[in-house]
Amino acid sequence: MKSNCKRRLACRVNHFLNTSFVKLYLREQSITFERIPSNYAILKIHTLPTDGSGGDTLWASGYEAYDRLSPAFKTFAETLTATHHQPNFNHVAEEFGAELIDNERGAPDNTGLDFKASHPVVRTNPGTGWKSLFGAAHQVGHGWIDGVSERESDILKAYFLQIIAENHDLQVRFR
1 MKSNCKRRLA CRVNHFLNTS FVKLYLREQS ITFERIPSNY AILKIHTLPT
51 DGSGGDTLWA SGYEAYDRLS PAFKTFAETL TATHHQPNFN HVAEEFGAEL
101 IDNERGAPDN TGLDFKASHP VVRTNPGTGW KSLFGAAHQV GHGWIDGVSE
151 RESDILKAYF LQIIAENHDL QVRFR
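Here the UniProt record's numbering is used: the first residue of the sequence shown is 1, the next is one more, and so on.
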């Protein structure tokens, strides 16, 4: 299968400072366990650990991951939703006595302490029409693919993660 990585990933890296480009093409997703996740996220390291344990970050193109699917699998994936779940916030808060915000977090629907939300496995960028694999890797690590058996969910999650892990040309790494 021929890759569209040159069109999608390389241009994203080369022009990331162009504000209109960022707004239209870069759809980084963090906190996907929220009912309404952020449209954009910023990662800034204020103090890099001296023991070598930080500062190594990897991104993957959801657009390119979607493009790696066969036409039949794209059609199937577009029918799926996945529950994104992040139970670690509650575990860490309990362990360290931290207080979590249970009221509105960035959007009126982002409330409560369950940190769980269902989203389409494939999302479409409203500005470009590009489709992106959204239910992959850490986003659904503690979650599941909805409407299928646990075994099928595990197989699908592993396959989507495999697409990202085994295709370095759809990744960007910053050290």
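Backbone N, C-alpha and C define an ideal beta-carbon position, used for all residues, glycine too.
Integer-rounded CB distance, given that residue j should sit under 8 Å from residue i
i      : j      : result
Leu170 : Glu64  : 4 Å
Gly55  : Arg175 : 6 Å
Glu99  : Ala107 : No, Glu99 and Ala107 are not in contact; Cβ-Cβ is about 20 Å, not under 8 Å.
For residue i, the nearest candidate out of the options (CA to CA)
i      : options                       : result
Asn103 : Arg175, Glu34, Phe174         : Glu34
His168 : Lys74, Thr128, Ala60, Ser149  : Ala60
Phe73  : Phe160, Glu166, Ala165, Gln86 : Phe160
Asp114 : Ile101, Ala165, Pro126        : Ile101
Pro87  : Val140, Lys44, Asp109         : Val140
Ser38  : Gly147, Ile164, Asn110        : Asn110
Ala165 : Phe89, His138, Ser149, Glu150 : His138
Gly147 : Pro126, Leu58, Thr47, Phe76   : Phe76
Lys44  : Thr57, Gly52, Ile36           : Thr57
Asn125 : Gly62, Arg151, Ser149         : Gly62
Ile36  : Lys116, Ala158, Gly127        : Lys116
Buried or exposed by the 16-neighbour rule on C-beta atoms within 10 Å, applied to residue i
i      : result
Gly135 : buried
Thr32  : buried
Ile145 : buried
Glu28  : Confidence at Glu28 is low in this model, with a pLDDT of 48, below 50, so its placement is unreliable and the value that follows should be read with caution. With fewer than 16 Cβ atoms within 10 Å of its Cβ, Glu28 is classed as exposed.
Pro49  : exposed
Gly143 : buried
Ile163 : buried
Ser153 : buried
C-beta neighbour in chain D for residue i, strict 8 Å
i     : result
Phe76 : Reference to chain D is not applicable here, since this structure consists of a single protein chain.
Continuous alpha helix (DSSP H) stretch holding residue i: start and end
i      : result
Phe160 : 150-165
Thr75  : 71-77
Phe174 : Per DSSP, Phe174 belongs to no alpha helix (DSSP H); it is in the beta strand (DSSP E), 171-174.
Val92  : 88-96
Endpoints, the beta strand (DSSP E) within which residue i is located
i      : result
Ala82  : 81-85
Ala117 : 116-120
Ala60  : 57-60
Ser132 : 131-133
Check: residue i C-beta below 7 Å from any heavy atom of the ligand ADP
i     : result
Thr47 : Of ligands this structure carries none, so the ligand ADP is not represented either.
**Asked** Are there three or more Cβ pairs, one per stretch, closer than 8 Å when the stretch 78-92 is compared with the stretch 116-133?
**Response** Taking a cut-off of 8 Å for Cβ pairs, the stretch 78-92 and the stretch 116-133 touch, as three or more such pairs fall below it.
For this session: Please confirm if the stretch 127-145 is in contact with the stretch 49-66, defined as three or more CB-CB distances below 8 Å between the two stretches.
Result: Yes, the stretch 127-145 is in contact with the stretch 49-66.
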